[in-house]
Amino acid sequence: MTKNIHIRTFGCQMNQADTEIISSLLQEQGYRMTGSEDDADLVILNTCAVRENAVGKIMNMLDNLKGKRRIRPDLLVGVIGCVPQYYREKLFDMTDGIDFLAGPDTYRQLPMLIENAEQGVRGAHLASVPEETYTGIEPLRSGSISAFIPVMRGCNNRCAFCVVPMTRGRERNRSMKTVIDEAGRLAEKGYREITLLGQNVNSYRDDEAGCDFAGLLEHVARAARGVRIRFTTSHPKDLSESLVGVIAREKNICNSIHLPVQSGSTRMLGLMNRGHSREEYLEKIAMIRRSIPDVTISSDLIAGFCGESEEDHRQTLSLMEKVRFDFSYMFCYSVRPGTYAAKRMEDDVPDEVKKRRLEEIIALQNRISAERHAAEVGKTVEVLAESESKRSSDMLMGRTPENRVVVFDRGQSNPGDLVRVKIHASTSATLVGRPQ
Ligand code: SAM
Ligand code: SF4
Ligand code: F3S
Numbered sequence: 254m255t256k257n258i259h260i261r262t263f264g265c266q267m268n269q270a271d272t273e274i275i276s277s278l279l280q281e282q283g284y285r286m287t288g289s290e291d292d293a294d295l296v297i298l299n300t301c302a303v304r305e306n307a308v309g310k311i312m313n314m315l316d317n318l319k320g321k322r323r324i325r326p327d328l329l330v331g332v333i334g335c336v337p338q339y340y341r342e343k344l345f346d347m348t349d350g351i352d353f354l355a356g357p358d359t360y361r362q363l364p365m366l367i368e369n370a371e372q373g374v375r376g377a378h379l380a381s382v383p384e385e386t387y388t389g390i391e392p393l394r395s396g397s398i399s400a401f402i403p404v405m406r407g408c409n410n411r412c413a414f415c416v417v418p419m420t421r422g423r424e425r426n427r428s429m430k431t432v433i434d435e436a437g438r439l440a441e442k443g444y445r446e447i448t449l450l451g452q453n454v455n456s457y458r459d460d461e462a463g464c465d466f467a468g469l470l471e472h473v474a475r476a477a478r479g480v481r482i483r484f485t486t487s488h489p490k491d492l493s494e495s496l497v498g499v500i501a502r503e504k505n506i507c508n509s510i511h512l513p514v515q516s517g518s519t520r521m522l523g524l525m526n527r528g529h530s531r532e533e534y535l536e537k538i539a540m541i542r543r544s545i546p547d548v549t550i551s552s553d554l555i556a557g558f559c560g561e562s563e564e565d566h567r568q569t570l571s572l573m574e575k576v577r578f579d580f581s582y583m584f585c586y587s588v589r590p591g592t593y594a595a596k597r598m599e600d601d602v603p604d605e606v607k608k609r610r611l612e613e614i615i616a617l618q619n620r621i622s623a624e625r626h627a628a629e630v631g632k633t634v635e636v637l638a639e640s641e642s643k644r645s646s647d648m649l650m651g652r653t654p655e656n657r658v659v660v661f662d663r664g665q666s667n668p669g670d671l672v673r674v675k676i677h678a679s680t681s682a683t684l685v686g687r688p689q
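Last residue of the sequence shown: 689 (my numbering), numbering continuous.
And the structure:
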């Protein structure tokens with residue numbers, strides 16, 4: 254009988270939030286969730302398919318688990334999330350040692366899949382369930398300071414490079430009321446930070462309540478006064494002035510926006526099907542900075558998408574110089590079979606060119622991040638302490654409302670505390686300070 258389950262989570266914050274939903278669902282069925290693979294009877298990999306190397310990581314993990322199964326033949330292995338949804342039952346043929354598969358819409362079937370696996374019956378549940386939002390399942394949260402609330406699932410956009418619409422299906426929204434109630438409960442429990450999640454939160458709608466994302470964010474901020482409110486991810490084409498107005502007005506909504514641009518070239522943005530030009534993006538940035546002068550803005554950037562010329566690449570570098578992102582996630586383009594780009598476009602930028610362009614993007618971002626951080630030295634900032642710093646238990650690590658990472662002398666503070674910290678040094682990744 255399977256008793257102890259260990260879930261390893263890969264990929265984006267939606268997957269992290271799903272793991273908390275699944276943990277709750279399985280715990281309710283009598284299973285015990287364990288943080289260690291060694292005392293698990295079942296290991297579940299909650300997976301990501303967004304780039305080829307993400308899938309490679311899962312394959313390595315599965316090889317590793319196959320080795321463990323030679324020593325412990327009764328150890329069960331399930332693979333769930335975006336990889337099985339993308340490869341479907343073919344995944345069973347790609348590697349052995351998998352007992353069951355489930356996709357992002359079928360986690361309610363997990364208890365049944367596990368029971369069958371215990372009987373030696375291999376199974377897969379990969380249907381798309383367009384209305385599934387897992388409403389009614391209170392996530393089993395891993396931390397007690399910060400919490401995710403998924404407000405929507407799926408994505409209706411069709412960015413040419415992206416598998417997410419294939420793995421997570423059409424957009425569906427939770428009702429405004431369930432989100433606000435959950436935020437209120439988290440505030441009562443003492444959580445200090447809430448992040449509203451969706452692949453494209455700006456297209457959130459609750460038609461019955463007549464509420465868009467700006468409205469939802471405002472209600473959540475009011476239902477959880479004193480709690481820091483964040484949200485991700487915003488798509489530039491849907492980011493509205495009314496949303497920016499809400500962020501500027503409500504003091505507990507953090508002044509930090511993740512607004513992925515992917516490329517600085519209008520031609521590439523067109524090929525990527527992002528739905529906006531370079532100029533429109535820059536106008537949005539100007540609009541945000543007019544309303545929220547101390548805002549931090551972060552991005553995702555892709556180097557070497559199909560057809561990208563040196564001039565397109567220079568446009569990306571020049572957009573980065575203009576916007577001066579505080580932080581970016583940066584990737585080489587990775588062809589994903591089944592996407593529009595894989596079917597209709599040529600992956601014609603050689604690997605070494607992609608890598609060189611990515612290195613240039615990373616070097617520039619590091620320089621800009623370092624400069625922006627250096628400008629914080631001498632200021633006093635409010636930090637929500639999250640944990641002990643990796644280097645020393647005498648230091649704590651936390652974040653400012655603008656999402657800047659701060660490491661500071663611990664003094665009398667503990668994780669969960671809001672601490673005023675004077676910054677005395679900085680690197681491209683971190684601010685260093687002392688409590689005031
Ligand atoms: N929904 C979010 C958005 O539109 O910005 C992001 C979702 S995606 C999971 C996260 C990031 O992965 C994207 O912003 C993009 O930069 C990157 N990404 C997606 N597909 C990719 C691919 N085929 N190759 C390289 N990077 C990719
Ligand atoms: Fe992918 Fe584009 Fe949807 Fe983001 S908005 S999840 S990049 S298709
Ligand atoms: Fe990856 Fe799926 Fe998220 S493909 S990035 S885990 S939605």
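Using N, Cα and C, we set each Cβ at its ideal position, and we do this for glycine too.
What number of angstroms, rounded off, separates the C-alpha of residue i from the C-alpha of residue j?
i, j, result
"SER428", "ASP459", "6 Å"
"ALA477", "VAL634", "22 Å"
"ARG644", "SER495", "42 Å"
"GLN266", "SER395", "13 Å"
"ALA377", "ILE333", "9 Å"
"GLY664", "GLU629", "21 Å"
"TYR387", "ALA627", "44 Å"
"ARG520", "ARG597", "16 Å"
"PHE466", "SER456", "7 Å"
"ASN508", "CYS412", "27 Å"
"ARG577", "GLY686", "24 Å"
"ARG542", "SER530", "19 Å"
"THR485", "LEU492", "12 Å"
"VAL602", "GLU613", "15 Å"
"LEU522", "LEU328", "47 Å"
"GLU564", "MET573", "14 Å"
"GLY264", "LEU393", "19 Å"
"VAL374", "ASP352", "8 Å"
"ARG438", "GLU641", "27 Å"
What would DSSP say about residue i, mapped onto helix, strand or coil?
i, result
"THR386", "coil"
"VAL606", "helix"
"ASN656", "coil"
"GLU624", "helix"
"PHE263", "coil"
"ALA682", "coil"
"ALA616", "helix"
"ALA594", "helix"
"ASN317", "helix"
"ARG285", "strand"
"GLU641", "strand"
"ASN268", "helix"
"VAL303", "coil"
"SER646", "coil"
"ALA380", "coil"
What does a CB cutoff of less than 8 Å around residue i pick up in its chain, not counting 5 residues either side in sequence?
i, result
"LEU379", "PRO337, GLN338, ARG341, GLU342, LEU354, ALA355, GLY356, THR359"
"ARG261", "GLU290, VAL296, ILE297, LEU298, ASN299, MET314"
"LEU611", "ALA556, GLY557, MET583, PHE584, CYS585"
"GLY479", "ALA440, ASN505"
"ASN656", "ARG483, CYS507, SER509, THR549, SER551, ASP579, PHE580"
"GLN280", "MET286, LEU393"
With a CB to CB cut of under 7 Å and the five nearest residues on each side skipped, what residues in its chain are close to residue i?
i, result
"CYS408", "VAL417, PRO418, ARG421, GLU424, GLN452, ASN453"
"GLY350", "LEU315, LEU318, LYS319, ARG322, VAL330"
"THR431", "THR388"
"ALA638", "LEU649, GLY651, SER666, ASN667, PRO668, GLY669, ASP670, VAL672"
"ASN619", "SER681"
"PHE580", "SER551, SER622"
"HIS511", "THR485, THR486, SER487, SER551"
Please name the residue, chosen from the options, that lies closest to residue i on a Cα-to-Cα basis.
i, options, result
"CYS415", "PRO688, ASN619, ILE555, SER666", "ILE555"
"GLU441", "PRO668, ILE398, HIS259, GLU629", "ILE398"
"LYS607", "SER642, HIS566, ARG589, LEU637", "HIS566"
"ASN268", "ILE402, TYR593, GLU561", "ILE402"
"ALA436", "ARG406, THR549, GLU461, LEU470", "LEU470"
"LYS537", "SER562, SER581, SER487, THR569", "SER487"
"GLU461", "ASN426, ARG652, ALA474, ILE482", "ASN426"
"LYS675", "THR653, LYS632, ASP647, LEU344", "LYS632"
"MET525", "VAL588, ILE545, HIS472", "VAL588"
"THR683", "SER646, ALA623, GLU305, ARG406", "ALA623"
Leaving out the 5 sequence neighbours to the left and right, which residues in its chain are closer than 6 Å to residue i when beta-carbon positions are compared?
i, result
"GLN568", "GLY517, SER518"
"VAL499", "ALA467, LEU470, GLU471"
Can you confirm whether residue i, when its beta carbon is compared against all beta carbons of chain C, has any partner nearer than 8 Å?
i, result
"ILE614", "Considering every chain present, this structure includes no chain C. It has just one protein chain."
Next on the checklist: Extract the residue ranges of the alpha helix (DSSP H) inside the region 502 to 583, only unbroken runs of 4 or more that lie entirely within it.
Outcome noted: Segments of the alpha helix (DSSP H) lying fully in the region 502 to 583: 519 to 524, 531 to 544, 563 to 576.
Next on the checklist: To test your reading of the DSSP string, which unbroken alpha helix (DSSP H) runs of 4 or more residues are found completely within the region 408 to 493?
Outcome noted: With a minimum length of 4 residues, the continuous alpha helix (DSSP H) runs that stay inside the region 408 to 493 are 417 to 421, 429 to 442, 466 to 476.
Checklist entry - Curious, which full-length beta strand (DSSP E) runs of at least 3 residues does the region 333 to 363 contain? => result Contiguous beta strand (DSSP E) elements confined to the region 333 to 363 occur at 353 to 355, taking only those with 3 or more residues.
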